[in-house]
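Novice: The following block contains the structure, expressed as structure tokens.
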Amino acid sequence: MTIDISQFASTQLSLLASELAAEIAESSALVSLHSPQALQRAGVALANLIVSAQRTGLGGKTVVELAPDPATTSTSTSTNSSGGGGDLPEHGIRVGDIVLLAEQGSGRERKREVREMEGSGVKGVVTRVGRAVVAVAVDEGGGQGKNEDGEGFVAMLGEKRVWIVKVADDVTFRRMNATMEKLAKMEEREYSPFIRVLFGLSSPSPVPADLERDEEAGEIEWVDPTLNDSQKDAIRFALASREIALIHGPPGTGKTHTLIELILQLLKRNLRILVCGPSNISVDNIVERLAPHKVPLIRLGHPARLLPSVLSHSLDVLTRTSEAGAIVKDVRAEMDAKQASIRKTRSGRERKAIYAELKELRKEYRERERRCVSNLVAGSRVVLTTLHGAGGFQLRDEQFDVVIIDEASQALEAQCWVPLLAAKKAICAGDHLQLPPTIKSLNSKNKTTSRKSKDGAEVKGATLETTLFDRLLKLHGPSIKRMLTTQYRMHEKIMRFPSDELYEGKLMAAESVKARLLIDLPYDVQKTDDTTEPLIFIDTQGGDFPEKNEDEQDRGASKKLTKSSLYGDSKSNEMEAALVRQHVRSLVDAGIRPEDIAVVTPYNAQLAILAPLKEMFPGIELGSVDGFQGREKEAVIVSLVRSNPDGEVGFLGEKRRLNVAMTRPKRSLTVIGDSETVKRGSKFLKDWMEFLEENAELRYPDLAALAQEA
């Protein structure tokens with residue numbers, strides 16, 4: 001089935017516009033409907049700050065340090081070392097967050113000032129979060145509305161009170177849009193053989209049936225000879241494929257381990273490689289594992305968003321530490337001196353003059369830095385970046401023999417095309433049976449757009465939830481895919497249901513993990529029913545554990561702004577939360593360390609109720625199922641929440657979400673839920689409940705003991 005490339009790109013542009021509008025609407029609603037203090041309590045803002053310092057950061061970016069305003073700080077009478085008043089209050093701002101920085105009004109001005117923030121603030125990236133200070137690298141040309149330059153805006157702030165709030169990042173959308181527009185305008189004569197295959201205009205080049213016996217593919221000297229057969233087969237297949245190869249990596253099957261070997265084998269063939277992923281963490285994991293092999297690599301990306309362990313490979317650090325970087329050192333030193341003088345002067349005229357000089361210095365810095373960057377990138381055989389990062393100026397006009405996309409099943413297809421236009425071949429790794437990218441726009445989630453192919457046939461399902469991985473698998477079938485089949489995470493009993501139901505029964509547990517239990521942890525653990533059972537199901541059937549929605553929770557009480565209420569309707573279950581607390585206490589009493597335990601649930605409102613567990617058991621991890629994708633823990637407790645007489649399960653019925661939930665643990669999975677309600681949700685849920693009833697340690701809660709727990 002062929003796809004009209006121009007219409008595909010036009011459809012993507014329409015869907016992306018809706019998605020960006022949804023993100024901006026959500027962000028604007030947060031800012032306009034709530035005070036800075038309310039947003040701070042919800043974990044998305046920090047209020048009552050002053051600019052305590054200003055300096056030049058990595059890449060020549062202006063970094064402002066923000067500390068509490070002493071005039072509003074009641075917790076401390078002494079100023080901190082940053083010139084602010086005491087410590088920052090409890091907040092949810094993290095390194096790498098995109099924030100808006102704006103002047104903060106007071107009293108009655110707040111409502112107006114909040115609404116106007118997006119038009120009067122400047123965007124930046126959080127580079128450091130300390131006990132008493134938060135640092136933000138502002139966009140030099142990123143002033144919003146009337147502020148044409150972010151640095152100029154900061155210079156004008158002086159000692160005014162400011163605040164920051166997390167916002168949607170539109171840079172990714174701009175780059176996806178630019179890529180789709182380029183694809184839409186491309187004429188047929190410009191389609192490479194690679195692009196033709198990716199849209200079904202040509203078939204993939206055939207690959208030998210038995211790669212192990214093939215003269216070229218079979219003769220491989222493995223860097224890591226301990227790879228299992230399915231990993232070696234996937235690597236041989238990816239090397240032999242001319243245009244596209246999919247590596248299907250179910251949970252715990254060593255997908256990243258496989259990609260490292262693949263990259264090293266591609267380098268042996270003198271190929272230039274671009275490695276991408278949808279998130280910084282997915283790319284950093286590869287950098288960390290690739291670095292010990294001493295290959296020439298470079299990591300693109302904002303230094304604030306990179307793991308400390310990979311910073312030495314980042315472009316920003318290399319431009320300062322390489323020989324080529326020496327040419328920009330003197331300009332940077334002069335810029336630092338100017339930054340310091342801006343803080344010292346009280347005269348607006350003098351500030352303006354210094355700022356003008358700084359602007360000229362920055363221009364010179366950028367010109368020198370670009371030449372330096374160009375030389376560094378051109379000399380690197382492996383470049384690593386996020387998918388949208390591949391659209392930055394650093395890779396303009398760069399070409400690669402192979403693009404590797406990790407977590408391709410979690411990325412928007414338009415995002416994947418940012419690096420793909422610079423490639424001759426693509427290798428996509430991921431698991432399309434886990435959660436796809438989160439889509440906020442209702443129209444792209446609930447509606448599909450049809451687009452016509454050249455022969456007039458309708459191609460259905462044009463939604464942002466359809467990933468490149470999904471589409472290629474549907475377009476060309478399983479011949480372009482290889483699956484990793486040995487998993488190194490889960491006890492065999494935990495693995496069995498997802499393997500049989502989702503992975504055609506092909507998953508095998510490695511000998512090292514198939515029978516390991518909590519009692520076998522490398523520290524002292526007592527032998528109890530909880531530490532010797534890999535799979536436990538606490539069934540709350542009977543109606544004694546009813547769910548609540550947020551309206552019911554807030555009825556009769558003043559509505560409190562929480563993270564969950566900020567992001568829409570959610571469900572909770574107080575009695576089920578009590579069971580979670582009871583089970584966690586039982587595990588900890590048996591000697592399990594809290595840092596080896598995770599509690600996951602599909603609902604944010606349930607997370608809010610479970611939050612006190614963090615104080616009771618420091619080190620324990622709480623998270624949404626969606627947020628826990630790609631993670632693992634020794635013991636995982638899953639709270640299903642749903643319990644109602646109508647058998648309504650909502651988005652709990654999404655089998656990919658449940659697949660994530662049930663494949664996070666290594667040694668112990670405890671599921672808590674109402675089997676009567678859950679069974680009625682779908683055939684998949686019914687099969688899961690029946691599997692748990694037959695194969696898990698089945699328990700029914702003791703209400704009297706639970707009352708004592710509460």
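Here full-length UniProt numbering is used: position 652 in the sequence shown is 652, and no number is missing along the way.
The C-beta atom is built at its ideal place from N, Cα and C for all residues, glycine as well.
1. What's the C-alpha gap between P70 and K338?
2. Mark R417 as exposed unless 16 or more other C-beta atoms lie within 10 angstroms of its C-beta, in which case mark it buried.
3. Contact between the region 261-281 and the region 404-411: three or more CB pairs below 8 Å?
4. Just how far apart, CA to CA, sit L435 and A137?
5. Can you tell me the Cα-Cα spacing of G477 and G200, whole angstroms?
6. Going by Cα to Cα distance, which pick from G130, L472 and L101 is closest to G86?
7. Just how far apart, CA to CA, sit E367 and D316?
8. What are the uninterrupted segments assigned as beta strand (DSSP E) that are 3 or more residues long and contained completely in the region 457-494, given in chain order?
9. Determine which residues share a DSSP beta bridge with E697 and list them.
10. Taking DSSP as the reference, what is the three-state secondary structure of H248?
11. Given a threshold of 16 other Cβ atoms within 10 Å of its Cβ, counted over all protein chains shown, does Y700 qualify as buried or as exposed?
12. In angstroms with no decimal places, state the Cα-to-Cα distance between F684 and N48.
13. Alpha carbon to alpha carbon, how far is V584 from V162?
14. If you reduce the DSSP assignment to three classes, tell me which class I3 lands in.
15. Looking at P534 and T663, is the spacing between their C-beta atoms short of 8 Å?
16. If you measure between the beta carbons of A9 and L246, is that distance less than 8 Å?
17. Any beta carbon of chain C sitting closer than 8 Å to that of A67?
18. Would you mind giving the Cβ-Cβ distance between R272 and F400, rounded to the nearest angstrom? I have them listed as a contact below 8 Å.
19. Taking the alpha carbon of P225 as the reference point, which residue from L262, E243 and L198 has its own alpha carbon closest?
20. Under 8 Å, do L88 and A132 count as touching if we go by C-beta distance?
21. Would you kindly work out how many angstroms separate the C-alpha atoms of S202 and L259, rounded to a whole number?
22. Rounded to whole angstroms, what is the Cα-Cα separation between G379 and L16?
23. Can you give me the Cβ contacts of L669 inside the same chain, cut-off strictly under 6 Å, excluding the 5 residues immediately before and after it?
24. Do L658 and R642 have their CB atoms nearer than 8 Å?
25. Just reading off the alpha helix (DSSP H) that A356 is part of, what are its end residues?
26. In its own chain, which residues sit with a C-beta less than 8 Å from the C-beta of A515, not counting the 5 before and 5 after it?
27. Less than 8 Å between the beta carbons of S241 and P204, yes or no?
28. Which one of Q487, Y523, G619 and A696 has the shortest CA to CA distance from Q231?
29. Using beta-carbon positions only, say whether G43 and G92 come within less than 8 Å of one another.
30. I'd like the span of the alpha helix (DSSP H) that includes P193, first residue to last.
31. To which residues of the same chain is K61 closer than 6 Å at the C-beta, ignoring the five residues directly before and after it?
32. Could you check the C-alpha separation between A22 and S409 for me, to the nearest Å?
33. Going by DSSP in three states, W163 sits in which element: helix, strand or coil?
34. Nearest-angstrom Cα distance between K686 and T528?
35. Would you decide whether N285 is buried or exposed? Buried here means 16 or more other CB atoms lie within 10 Å of its CB.
36. In this structure, does DSSP put F617 in helix, strand or coil?
Specialist: According to the structure shown:
1. Position 70 of the sequence shown, counted from the first residue, corresponds to residue 70. Position 338 of the sequence shown, counted from the first residue, corresponds to residue 338. Across the structure, P70 and K338 are spaced so that their CA atoms are roughly 26 Å apart.
2. The residue given as residue 417 occupies position 417 in the sequence shown. Before going on, a small fix: residue 417 reads as Trp here, not Arg. Taking all protein chains in view, the Cβ of W417 is crowded by 16 or more other Cβ atoms within 10 Å, so the residue is classified as buried.
3. yes
4. For the purposes of this step, residue 435 is taken as the residue at position 435 of the sequence shown. For the purposes of this step, residue 137 is taken as the residue at position 137 of the sequence shown. Cα to Cα, L435 sits roughly 32 Å from A137.
5. Position 477 of the sequence shown, counting from 1, holds the residue named residue 477. Position 200 of the sequence shown, counting from 1, holds the residue named residue 200. Computed Cα separation, rounded: 11 Å.
6. To locate residue 86, count along the sequence shown from 1; it is residue 86. Considering only alpha carbons, the answer is G130.
7. Within the sequence shown, numbered from 1, the residue matching residue 367 stands at position 367. Within the sequence shown, numbered from 1, the residue matching residue 316 stands at position 316. For the pair E367 and D316, the Cα-to-Cα distance works out to about 14 Å.
8. 458-462 and 481-483
9. Position 697 of the sequence shown holds residue 697. Beta-bridge pairing links E697 to I536.
10. Here the question's residue 248 lines up with position 248 in the sequence shown. In the structure shown, H248 sits in a strand (DSSP, three-state: E or B).
11. On the sequence shown, residue 700 is found 700 positions in, with the first residue counted as 1. With fewer than 16 other Cβ atoms within 10 Å, it is exposed.
12. The count along the sequence shown starts at 1 and reaches residue 684 at position 684. The count along the sequence shown starts at 1 and reaches residue 48 at position 48. Approximately 50 Å between the Cα atoms of the pair.
13. Taking the first residue of the sequence shown as position 1, residue 584 is located at position 584. Taking the first residue of the sequence shown as position 1, residue 162 is located at position 162. Taking the straight line joining both Cα atoms gives about 42 Å.
14. Position 3 of the sequence shown, counting from 1, holds the residue named residue 3. It is coil, neither helix nor strand.
15. Mapped onto the sequence shown, residue 663 falls at position 663. Mapped onto the sequence shown, residue 534 falls at position 534. Cβ atoms of T663 and P534: not closer than 8 Å.
16. Within the sequence shown, residue 9 is the residue found at index 9, counting from 1. Within the sequence shown, residue 246 is the residue found at index 246, counting from 1. Result no, Cβ atoms of A9 and L246 do not sit closer than 8 Å.
17. The structure shown contains no chain C; it is built from a single protein chain.
18. Along the sequence shown, read from residue 1 onward, the residue named residue 272 stands at position 272. Along the sequence shown, read from residue 1 onward, the residue named residue 400 stands at position 400. With 8 Å as the limit, R272 and F400 qualify as a contact, their Cβ atoms being about 5 Å apart.
19. Stepping through the sequence shown from its first residue, residue 225 is reached at position 225. Comparing Cα positions, the closest option is L262.
20. Against the sequence shown, residue 88 aligns to sequence position 88. Against the sequence shown, residue 132 aligns to sequence position 132. Yes, they are a contact pair.
21. Translated into the one-based positions of the sequence shown, residue 202 becomes position 202. Translated into the one-based positions of the sequence shown, residue 259 becomes position 259. Those two C-alpha atoms are separated by around 27 Å.
22. Within the sequence shown, numbered from 1, the residue matching residue 379 stands at position 379. Within the sequence shown, numbered from 1, the residue matching residue 16 stands at position 16. The straight-line gap from Cα to Cα measures roughly 35 Å.
23. Within the sequence shown, residue 669 is the residue found at index 669, counting from 1. I494, L535 and V636, listed in sequence order.
24. Numbered from 1 along the sequence shown, position 658 holds the residue referred to as residue 658. Numbered from 1 along the sequence shown, position 642 holds the residue referred to as residue 642. For the pair L658 and R642, the CB atoms are not nearer than the 8 Å cut-off.
25. Translated into the one-based positions of the sequence shown, residue 356 becomes position 356. Element bounds for A356: G348 to A378.
26. Taking the sequence shown and counting its residues from 1, the one referred to as residue 515 is at position 515. Sequence-distant partners of A515 (beyond 5 residues in either direction) whose C-beta falls short of 8 Å from its own C-beta, in its chain, are H491 and E492.
27. Within the sequence shown, numbered from 1, the residue matching residue 241 stands at position 241. Within the sequence shown, numbered from 1, the residue matching residue 204 stands at position 204. Closer than 8 Å, so yes.
28. Working through the sequence shown from its first residue, we reach residue 231 at position 231. Nearest option by C-alpha distance: Q487.
29. Counted from its first residue, the sequence shown places residue 43 at position 43. Counted from its first residue, the sequence shown places residue 92 at position 92. Result yes, Cβ atoms of G43 and G92 sit closer than 8 Å.
30. Locating residue 193 in the sequence shown gives position 193, where the first residue counts as 1. It spans P193 to L198 - the alpha helix (DSSP H) in which P193 sits, taken as one unbroken run.
31. Numbered from 1 along the sequence shown, position 61 holds the residue referred to as residue 61. If we look at K61 and ignore the five residues flanking it on each side, its Cβ neighbours are A137.
32. As a working mapping, residue 22 is identified with position 22 in the sequence shown. As a working mapping, residue 409 is identified with position 409 in the sequence shown. Rounded to whole angstroms, A22 to S409 spans 22 Å at the Cα level.
33. For this step, residue 163 is matched to residue 163 along the sequence shown. The DSSP-derived three-state label of W163 is strand.
34. Residue mapping note: residue 686 aligns to position 686 of the sequence shown, counting from 1. Residue mapping note: residue 528 aligns to position 528 of the sequence shown, counting from 1. CA-to-CA, the gap between K686 and T528 works out to about 30 Å.
35. What you label residue 285 is simply residue 285 of the sequence shown in a count that begins at 1. Buried: at least 16 other Cβ atoms inside 10 Å.
36. Residue mapping note: residue 617 aligns to position 617 of the sequence shown, counting from 1. Note: F617 maps to coil in three-state DSSP.
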